[in-house]
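Trainee: The sequence shown stops at residue 306 when you use the working numbering, and every number in between is there.
C-beta atoms are modelled at their ideal positions from N, C-alpha and C, and glycine is treated no differently.
Note that this is a predicted model, so its numbers are computed, not measured.
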Amino acid sequence: MTRQFLLTFIFGLSFFITAYAQDSLKTDIPTFISINEAINKGILELKISGAYDPRIFYEVVDKDGVHYGKCMAIILKSKIDTFVLVKIDCGTLLVPTDDSVQTMIVTQDAELPLYPNLTYATRFYAMCTEFHDEAPTIGTTFRIGDMADSSLVKLSKYLESTYMQNMVGQHAVWAFTDQVSFADLVKYGGDSLSIATSIEILNAVKIETPLNKFAEKKVEIVSTIAINRYIVYGGLVMILILTITVVTLLSRLKKKENIV
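Next up, the structure:
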């Protein structure tokens, strides 16, 4: 009787521990919620601004993110007593309150932890989408906008997957959004090698812009010049062969005349 009771007790205890552990594992899995849903449900308060402070001297302009990189700052204030992860999708547009500042595009799937009843700040990756407007700074606030058009979303996801959160990636974005020229990008630090890489990115995602069309025309011109060069060289060779043939025939005729 005592042994049966003990076995029953051990079995019941192990069942309880297993069930508790499973419930604990379930509660340990964080809840994901989109940032727009979190805002609409009043789960958080937030402030988004540029991360760049123009009052600070930067040895390298985009070292800490001005046009690209971790150039956007966000302050999250939780209004709930549970932990959730707030998701900002890659390709989301960030619209500035100041029309003179560029609209930004998020270039990563950002998962931001929202701690119970706490406020904290962090930064995330984005890029500028309006070449002729100003770069974002800490003095410019932004709101969450819609998703960009499908081509720009595809481009931003490609930049994330290939770790191109840099000047080359930014130039590819501007080539699409603003139809910039080779000369435009040179003014923003581009050179023949970096711009060639930007063109490779555009070709990889099958996006046509004046930039990669210009590169294709240059290739066509070079190919045409090469073909013309081969024709000239071929013609010279043929003339040389004909000249040698004529000279040989004439010399043979002279020999025959001398024999006669």
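Relative to the alpha-carbon of isoleucine 134, which residue among Asn212, Ile85 and Thr128 has its alpha-carbon at the smallest distance?
Mentor: Ile85
Trainee: Sort Val251, Val219, Leu158 and Lys233 by Cα distance to phenylalanine 78 and report the nearest one.
Mentor: It is Leu158.
Trainee: Between isoleucine 184 and chain D, is any beta-carbon pair separated by less than 8 angstroms?
Mentor: The chain labelled as chain D is not found in the depicted structure, where only one protein chain is given.
Trainee: Excluding the 5 residues flanking alanine 32 on each side, which residues of the same chain have their C-beta closer than 7 angstroms to its C-beta?
Mentor: The question about residue 32 has no answer, for the chain in this structure spans 47 to 306.
Trainee: Of the residues Ser95, Tyr98 and Val132, which one's Cα is nearest the Cα of glycine 14?
Mentor: Only positions 47 to 306 of the chain appear in this structure, which leaves residue 14 out of reach.
Trainee: Which same chain residues end up closer than 7 angstroms to threonine 255 when comparing Cβ atoms and leaving out the 5 residues on each side of it in sequence?
Mentor: Ala221, Phe222, Gln225 and Leu248, listed in sequence order.
Trainee: According to DSSP, is glycine 115 helix, strand or coil?
Mentor: coil
Trainee: Verify whether the separation of the beta carbon atoms of phenylalanine 170 and serine 95 is less than 8 angstroms.
Mentor: no
Trainee: If we count the other Cβ atoms within 10 Å of its Cβ and call it buried at 16 or more, is phenylalanine 103 buried or exposed?
Mentor: A residue is called buried when at least 16 other Cβ atoms come within 10 angstroms of its Cβ; phenylalanine 103 does not meet this threshold and is exposed.
Trainee: Counting only the same chain and skipping the five closest in sequence on each side, list residues whose C-beta sits under 6 angstroms from that of threonine 165.
Mentor: Beyond the five residues adjoining it in sequence on each side, threonine 165 comes within less than 6 angstroms, by CB distance, of Lys123 in the same chain, given in chain order.
Trainee: How many Å lie between threonine 128 and alanine 156 at the Cα?
Mentor: Distance between the alpha carbons of threonine 128 and alanine 156 is about 20 angstroms.
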